[in-house]
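Here is the structure we will look at.
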Amino acid sequence: MTTFKMRLISGLMLASIGVMAGSIATAGEIKQDMKEMKKNLRGAIKSDSVEELAPYIESLKYATWHASNLNFDGSAQEKNTYREGLIKVHKQLEEVDQAIKNGDLDGAKRVLSQVRDTQETYHDKLNVE
Numbered sequence: 103m104t105t106f107k108m109r110l111i112s113g114l115m116l117a118s119i120g121v122m123a124g125s126i127a128t129a130g131e132i133k134q135d136m137k138e139m140k141k142n143l144r145g146a147i148k149s150d151s152v153e154e155l156a157p158y159i160e161s162l163k164y165a166t167w168h169a170s171n172l173n174f175d176g177s178a179q180e181k182n183t184y185r186e187g188l189i190k191v192h193k194q195l196e197e198v199d200q201a202i203k204n205g206d207l208d209g210a211k212r213v214l215s216q217v218r219d220t221q222e223t224y225h226d227k228l229n230v231e
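Using my numbering, read the sequence shown as starting at 103 and increasing by one per residue.
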């Protein structure tokens with residue numbers, strides 16, 4: 103085997119390892135964002151005032167935004183489903199934000215119930231926990 107071929111094969115192997123490592127890091131980041139979303143959704147639902155609710159919503163919005171900027175490891179259809187779900191959650195969280203600004207705790211909690219339903223729907227579609 104020529105030196106060029108050996109270098110080419112070595113380079114391709116290193117590139118493959120780099121891509122695989124990036125996928126693993128992204129999968130771990132997505133999992134962490136989903137854990138944060140779950141924790142903050144639970145806290146938000148248990149909140150007794152809009153003042154208590156607001157920080158949970160900010161954390162939820164950040165985790166949703168961060169997760170939406172990560173590369174979901176799946177087919178093109180799964181990637182589209184992943185993004186679609188996060189966009190829907192983001193829009194629902196904007197509705198919760200508006201309810202908070204209006205001092206409407208009950209309205210915010212109604213929309214949070216929809217967020218939970220969206221979470222379950224898209225987790226089912228993607229076959230994830």
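Heads up, the beta-carbon is just placed ideally off N, CA and C, and yes, glycines get one too.
Quiz item: Among E197, T166, L207 and D199, which one has its Cα closest to the Cα of L188?
Solution: T166
Quiz item: To the nearest angstrom, how far is it from the Cα of K148 to the Cα of I159?
Solution: 12 angstroms
Exercise. Assess, as a yes-or-no matter, whether the segment 133-152 is touched by the segment 213-231 under the definition of 3 or more beta carbon pairs within less than 8 angstroms.
Key: yes
Quiz item: Exposed or buried, Q179, counting other C-beta atoms within 10 Å across all chains shown (16 or more means buried)?
Solution: exposed
Quiz item: Can you tell me the Cα-Cα spacing of L172 and I132, whole angstroms?
Solution: If you take the alpha carbons of L172 and I132, they lie about 7 angstroms apart.
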